[in-house]
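**Q** Below you'll find the structure I mean.
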Amino acid sequence: MRAMQEPLMEIYARLFAHFGAQHWWPHSEGGAFEIVVGAILTQNTAWANVEKALANLARARLLTPTAMQRVAPTRLATSIRPSGYFNLKAKRLKAFTQFLFAEHRGSLARLLALATPDLRAALLGVYGIGPETADAIILYAAHQPIFVVDAYTRRIFARLGLARADAPYAELQALFMAHLPHDEKLFNEYHALIVALGKNLCRKTAPRCQACPLRGLCPADLSIPRKRVIMRPAIFQEFRSRI
DNA sequence: GCCCAGGTGGGTA
DNA sequence: TACCCACATGGG
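For the first sequence, the numbering used here puts the final residue at 248, and the numbers step up evenly by one.
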């Protein structure tokens with residue numbers, strides 16, 4: 006039997022073996038700006054709806070900072086209607102381009118070249134950009150190693166017994182940042198795999214534990230009769246004492 | 001018809 | 001600080 010890896014790497018390895026590479030924004034047609042727009046549009050929204058909105062924006066030639074800065078808010082809202090919260094998100098996209106022109110001469114590249122702490126602080130100062138969106142931009146558009154936490158991450162790692170269900174964003178993020186190498190490619194793939202697991206198997210209701218690649222690691226495994234659940238998997242024991 | 005989705009900001013106690 | 005709520009479309 007091979008040597009046991011760190012729990013977080015063991016989980017990653019299992020997810021990757023099960024789902025394979027997710028190819029999140031590897032070279033994005035629309036470039037970094039499309040990634041930023043996608044990160045804002047996907048807030049509390051299924052990605053399939055975001056794709057429709059992005060297609061509308063591309064067709065309307067609105068996927069550039071300049072075009073988005075110039076377009077009327079109502080027209081922008083109409084384009085992104087399929088992504089939901091369209092009035093709100095139009096306002097957020099406008100706030101971002103406004104910020105880009107006011108602070109960085111309209112150059113996204115200039116913004117994304119900032120060091121991680123400065124970039125994050127700048128992004129968090131923009132209306133409509135919170136920690137998850139900021140980190141998604143830093144990781145997927147700026148290609149800087151920062152771990153993106155989302156609702157799936159919280160749910161999955163709470164079920165695994167490695168985080169509290171109400172753990173604040175920063176605490177969850179610190180869990181990963183403290184125990185994984187700061188590798189952009191790893192963080193990219195890990196987050197995408199968490200989304201794949203949360204969306205397909207570790208669902209909020211009716212999770213498919215039977216088919217889960219983390220079966221055997223998870224105390225919440227619903228495919229195990231309740232009275233048979235005895236204790237936390239051994240590989241988490243020592244790990245938990247350190248987190 | 002009902003639930004859920006890759007959150008965030010604003011208001012109230 | 002700690003909740004509670006608005007924001008909205010589309011797929012299962």
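For every residue, glycine included, the Cβ atom is placed at its ideal position computed from N, Cα and C.
Remember, it's a predicted structure, so these values are computed and weren't measured experimentally.
Of all the options I85, I161, K99, R64, which has the alpha carbon lying nearest to the alpha carbon of R75?
**A** Selected option, being the one with the closest Cα: K99.
**Q** Among I85, P78, T102, Y195, whose alpha-carbon lies nearest the alpha-carbon of F152?
**A** For the residues I85, P78, T102, Y195, the minimum Cα distance to F152 belongs to Y195.
**Q** So what does DSSP say about K29, is it helix, strand or coil?
**A** Reading off the sequence shown, one finds Trp at residue 29, where the question assumed Lys. Three-state result, W29: coil.
**Q** Please give the ranges of any alpha helix (DSSP H) in the region 174–221, keeping only runs that are unbroken, at least 4 residues long and fully inside the region.
**A** Whole alpha helix (DSSP H) segments, 4+ residues: 174–184, 189–205.
**Q** Which runs of the alpha helix (DSSP H) spanning at least 4 residues fall entirely within the region 77–109, listed in chain order?
**A** The qualifying runs are 78–84, 91–109.
**Q** Touch check for the region 51–63 and the region 139–150: three-plus C-beta pairs under 8 angstroms?
**A** Counting Cβ pairs under 8 angstroms, fewer than three are found: no touch.
**Q** If contacts are defined as beta-carbon pairs under 8 angstroms, then S84 and L67 qualify, I think. What distance do you get, rounded to the angstrom?
**A** Rounded, the Cβ-Cβ distance is 6 angstroms, consistent with contact.
**Q** Measuring straight from C-alpha to C-alpha, what distance separates P27 and K209?
**A** A quick correction: the sequence has Gln, not Pro, at residue 27. Their backbone Cα atoms lie some 21 angstroms apart in a straight line.
**Q** Have a look at Q242 and R97 and give me their C-alpha separation to the nearest angstrom.
**A** Using only the alpha carbons, I get a separation of about 43 angstroms.
**Q** Quick check on the burial criterion: 16 or more other C-beta atoms within 10 angstroms. Buried or exposed for N92?
**A** Looking at its Cβ environment, which holds fewer than 16 other Cβ atoms inside 10 Å, N92 is exposed.
**Q** Among the residues of its own chain, which have a CB less than 7 angstroms from the CB of T69, if the five just before and after it don't count?
**A** So the list reads F38, once near-sequence residues are dropped.
**Q** Please state if the CB of L46 and the CB of A65 are separated by a distance shorter than 9 angstroms.
**A** No, the Cβ-Cβ distance between A65 and L46 is not below 9 angstroms.
**Q** What does the alpha-carbon distance come out to for the pair A18 and L202?
**A** Those two C-alpha atoms are separated by around 13 angstroms.
**Q** Thinking just about the alpha-carbon of each residue, which of L113, V200, A118, G135 is nearest to the one in A156?
**A** The candidate whose alpha carbon is nearest that of A156 is V200.
**Q** Count the other CB atoms, across all protein chains shown, that sit within 10 Å of the CB of R125; report buried if there are 16 or more and exposed otherwise.
**A** The residue is buried, with at least 16 neighbouring Cβ atoms inside 10 Å.
**Q** For the candidate residues A175, L20, L206, whose alpha-carbon lies nearest to that of G135?
**A** That would be A175, whose Cα lies nearest to the Cα of G135.
**Q** Checking 9 angstroms against the spacing of the C-beta atoms, do L116 and A107 come in under that value?
**A** Against a cut-off of 9 angstroms, the Cβ pair of A107 and L116 comes out as no contact.
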